[in-house]
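Each residue of the sequence shown is one higher than the last, beginning at 1 in full-length UniProt numbering.
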Amino acid sequence: MRTDQLPERTPPTTDHRPDVRVARPAGRWEFTDADELPALRRAVLEAAARSVELNTDRLSGSTIHHNLALVTTELATNALKYGVEPGVVRLHRLLSGWMVDVADGRADQAPRPQLPKPGRAGGNGLLIVSMLSVRWGWYVDTNSTPRKHVWAELADS
């Protein structure tokens, strides 16, 4: 796959903010280390289950459960690898899905999707996010200390 063949959901600009006017906050978590990622993933999934009044076991194994876990982990891993700590994950309930927003302190570093390379471990996170999400993007919040936000919207089904 060439760069010009990446899915069209790759964000075209740096000011590609999600529309959260109808979103309901479901949780917020800070993280500073990769060792925190399993607990972060569990917390996001538990918050998602609470938000739609399901027990975690009913959500477990569903497509959205898998996609939320994977997208959250990929975006948080990128924030740790390329960003400045702490990272912050916010989960929002949308009308028919979810938005995961991960912020870090490296506002000057744009996310760059990589093409898969045989034998390379890693580097496919944003491609995975693009494939699993309805849309994704990023922007820099300059209200106080500049922070880069990378977000993804996921459908319930």
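The C-beta atom is built at its ideal place from N, Cα and C for all residues, glycine as well.
Measuring CA to CA, which of the options is closest to residue i?
| i | options | result |
| --- | --- | --- |
| E153 | V52, L75, V88, Q109 | L75 |
| N143 | S133, A107, K117, A121 | A107 |
| residue 160 | N67, M131, Y82 | What the structure shows of the chain is the stretch from 1 to 157, and residue 160 is not part of that stretch, so it cannot be assessed. |
The beta strand (DSSP E) that contains residue i, what's its start and end?
| i | result |
| --- | --- |
| A152 | 147 to 155 |
Quick check: what's the CA-CA separation for residue i versus residue j?
| i | j | result |
| --- | --- | --- |
| N124 | P113 | 7 Å |
| P7 | G137 | With a pLDDT of 48 at P7, under the threshold of 50, the modelled position of this residue cannot be trusted, and the question is left open. |
| P38 | D104 | 19 Å |
| P146 | P25 | 22 Å |
| I64 | G122 | 23 Å |
| V52 | L94 | 11 Å |
| G83 | V102 | 11 Å |
| K81 | D33 | 10 Å |
Along the alpha helix (DSSP H) that carries residue i, what are the first and last residues, could you check?
| i | result |
| --- | --- |
| V88 | No alpha helix (DSSP H) contains V88, which is instead part of the beta strand (DSSP E) from 87 to 94. |
| R41 | 37 to 51 |
| residue 162 | Here the chain has residues from 1 to 157 only, and residue 162 is not among them. |
| K103 | Contrary to the premise, residue 103 reads as Ala rather than Lys in this sequence. Here A103 belongs to no alpha helix (DSSP H); instead the beta strand (DSSP E) covers 97 to 104. |
Touching or not, the stretch 20 to 37 and the stretch 82 to 91, by the rule of three or more beta carbon pairs under 8 Å? yes
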